[in-house]
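Top line first, the protein sequences correspond to chains A and B. Going by the working numbering, 575 is the number at position 27 of the first sequence; the sequence numbering is gapless. Going by the working numbering, 502 is the number at position 77 of the second sequence; the sequence numbering is gapless. Notes for the one structure printed next.
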Amino acid sequence: SEESVAFSQYPRPADTPQWNSDKPKLKDIRIMGYSMRTVDYRYTVWVRFYPNNFSADFEDVHAGELYMVETDPNQDYNIYNNISHGVFHKKLL
Amino acid sequence: DGMNVLFIVVDDLRPVLGCYGDKLVKSPNIDQLASRSVVFSNAYAQQAVCAPSRVSFLTGRRPDTTRLYDFYSYWRVHAGNYSTMPQYFKENGYVTLSVGKVFHPGISSNHSDDYPYSWSVPPFHPSTEKYENDKTCGEKGGKLYANLVCPVDVTEMPSGTLPDIQSTEEAIRLLNVMKTNKKKFFLAVGYHKPHIPLRYPQEFIKLYPLENITLAPDPWVPKQLPSVAYNPWMDIRQRDDVKALNVSFPYGPLPDDFQRLVRQSYYAAVSYLDVQVGRLLNALDDAGLSNSTIVVFTADHGWSLGEHGEWAKYSNFDVATRVPLMFYVPGMTTSSVPRGERVFPYLDPFSHVWGTEPQGRSKKVVELVSLFPTLAELAGLQVPPACPETSFQIPLCTEGTSIVHYFNASEEKVEEEKKDGCYDSYRCS
């Protein structure tokens, strides 16, 4: 069936929380979290971002998240590191 | 000859609404709108922060195309001269009007809410907007504070009112003007609450006795959450009441009892917003415009109420990106109501309690970036073409897709009702 998907993204200045993590200015963005959602899951990869040319390097993955709606609707248990996620990564690209 | 459009966008509203199954909230007027609408259970913003989300859905372009991830650039200068949804309606003969917070103020909308491109007249902003972050609440020892939790006596507020009350009054005035001059209109009304500070008429707190308020089901920071994914909710920490708690950075947590106070006030602010929406829709009835006006109700993004140890938005979690999204389309989502019958009678959240089922519900995963093509199709305008992969040089195209074809389920429901002689599932239920 035609699977409907929603994409969202969020920028970060660094890999760990700091004072401007919530609202980094463009020039300070170093990482972009790209999310892909369906009714079954939410997959997010946090990749290197270059503000000077607005490009994201999907080969340079800093972290990942994967939550399955059926077993973890509140997104409390990230299983990204527990399973192979290549198919999700390819789909996001 | 195309319907009018009433576009209601709410700041930082997650779907804590009766029509989304929340058992605690009192939101009868928004639930009543939902009972006549198709309601999308899985609608998501493209970025969970004000300006980037609003520029995205108002231009129909994703943040990587608007290149607005913060608050400090105007897309027409910084990315491309993209047409906006209101601009498109204006260019198609509509009078377009903005009340309250529709575009995010400041550079991101050229310090003018993108007027005159998007709007036929200068946008209205309530005069009391400027007091939003002043020390107006939490009086102790004769001193006032700029608290996060901020129930107030409205009569004691500057000018004796609040921004969203003024916005509702102005929107009602504009509805009556448009009724008189019989022109097609696109009226966008942007409500500030429940965006922080949680400043609302104090009587609304009675709707939510503290003993009924629980913590979030998962108030801890998940062990496997990558540190880059966590947002340290800095804006909350700068409010006077939170500052006084000396909460540790970055993971806190807020004290349990204060978490419950925040959640209580968020719900109270939602009921206060519901009253504003109720008055606005009641005025649509009064003006005799309910049968000729499409109503859209949505938010710019959600808000974390303590889940995952987080507050505010600034993340990719569902609680921060999922938004309410519902469309009331006369003759499509409900049968037309006999002339003179009210469609949206005002309901008092202090006395009106009941559950309700939306006219139609779609579980399809949809995006706010689809608002532009969807509303164009509903109003009978040419749907803007889909953007190619890069569209910086293309003024008119969309990176969303019209979701009108998901409405069909609601039509089926309407047909069923006609068969059993009940055209108004809301009243029948």
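Note that CB positions come from ideal geometry on N, CA and C, so glycine has one too.
Under a 10 Å Cβ-count criterion, residue 593/A is classified as buried, with 16 or more other Cβ atoms of the shown protein chains found around its own Cβ. Between residue 592/B and residue 700/B the beta-carbon gap is near 13 angstroms, outside 8 angstroms, which marks them as no contact. For residue 786/B, the secondary structure class from DSSP, reduced to helix, strand or coil, is strand.
In the structure shown, residue 565/B falls within a strand segment according to DSSP collapsed to helix, strand and coil. Residues of the segment 581-608 of chain A with a C-beta less than 7 angstroms from any C-beta of chain B: 581, 583, 585, 586, 587, 590, 592, 594 and 602, listed in chain order.
Counting other Cβ atoms within 10 Å of its Cβ, residue 706/B reaches 16 or more and is therefore classed as buried. Annotated as proximal: residue 655/B and residue 569/A, with beta-carbon spacing under 9 angstroms. For residue 556/A, the secondary structure class from DSSP, reduced to helix, strand or coil, is strand.
Contact fails between the segment 813-833 of chain B and the segment 580-591 of chain A, because fewer than three Cβ pairs, one in each stretch, are under 8 angstroms apart.
Residue 584/B is not a Cβ neighbour of residue 543/B, given a cutoff of 9 angstroms. Secondary structure note for residue 813/B: it is in no beta strand (DSSP E), with a DSSP letter that is neither H nor E. Between residue 536/B and chain A, the shortest Cβ-Cβ separation is not below 9 angstroms.
When Cβ-Cβ separations below 9 angstroms define contact, residue 632/A makes no contact with chain B. DSSP places residue 718/B in the uninterrupted beta strand (DSSP E) bounded by 718-724. Residues of the same chain with a CB within less than 8 angstroms of the CB of residue 536/B, apart from the 5 flanking positions on each side, are 530 in chain order.
For residue 623/B, the closest of 737/B, 721/B, 607/B and 713/B by C-alpha to C-alpha distance is 737/B.
Residues of chain B whose Cβ lies closer than 8 angstroms to the Cβ of residue 635/A do not exist; the shortest such Cβ separation is about 18 angstroms. For the pair residue 755/B and residue 787/B, the CB atoms are not nearer than the 9 angstroms cut-off. Under the three-state reduction of DSSP output, residue 645/B falls in the coil class, being neither helix nor strand.
Here residue 441/B has 447, 450, 692 and 695 as same chain residues with Cβ atoms under 7 angstroms from its own Cβ, once five neighbours each way along the sequence are excluded. A residue is called buried when at least 16 other Cβ atoms come within 10 angstroms of its Cβ; residue 732/B meets this threshold and is buried.
Where residue 661/B is concerned, the enclosing alpha helix (DSSP H) starts and stops at 659-662. Neighbours of residue 510/B across chain A, judged by C-beta separation under 9 angstroms, do not exist; the nearest C-beta is about 19 angstroms away. Taking a Cβ-Cβ cut-off of 7 angstroms, the neighbours of residue 613/A in chain B comprise 651 and 654, given in sequence order. Every unbroken stretch of the beta strand (DSSP E) spanning 3 or more residues and falling wholly within the segment 583-670 of chain B is given here in chain order: 610-616 and 623-626. Taking C-beta atoms as the reference points, residue 468/B and residue 739/B fail to come closer than 9 angstroms.
When DSSP states are grouped into helix, strand and coil, residue 775/B belongs to the coil group. Nearest neighbour of residue 571/A by Cα position, chosen from 724/B, 459/B and 477/B, turns out to be 477/B.
Using a Cβ-Cβ distance cut-off of 8 angstroms, the segment 559-577 of chain B and the segment 718-733 of chain B are not in contact, since fewer than three pairs of beta carbons, one from each stretch, lie closer than that value. Annotated as distal: residue 718/B and residue 435/B, with beta-carbon spacing of 9 angstroms or more.
Residue 551/A carries a coil assignment under DSSP once its states are collapsed to helix, strand and coil. Setting aside the 5 residues that flank it on each side, residue 487/B is surrounded in the same chain by 471, 481, 794 and 824, each with a C-beta closer than 8 angstroms to its C-beta; the list follows chain order.
Note that the segment 599-613 of chain B touches the segment 508-525 of chain B; at least 3 beta-carbon pairs, one per stretch, sit closer than 8 angstroms. Along the segment 563-578 of chain A, going in chain order, the ones with a CB nearer than 7 angstroms to a CB of chain B are 563, 564, 565, 567, 569, 570, 571, 572, 573, 574 and 577.
Contact between residue 564/A and residue 673/B does not hold, since their C-beta atoms are separated by about 15 angstroms, which reaches or exceeds 8 angstroms.
According to DSSP, residue 575/B shares a beta bridge with 624/B.
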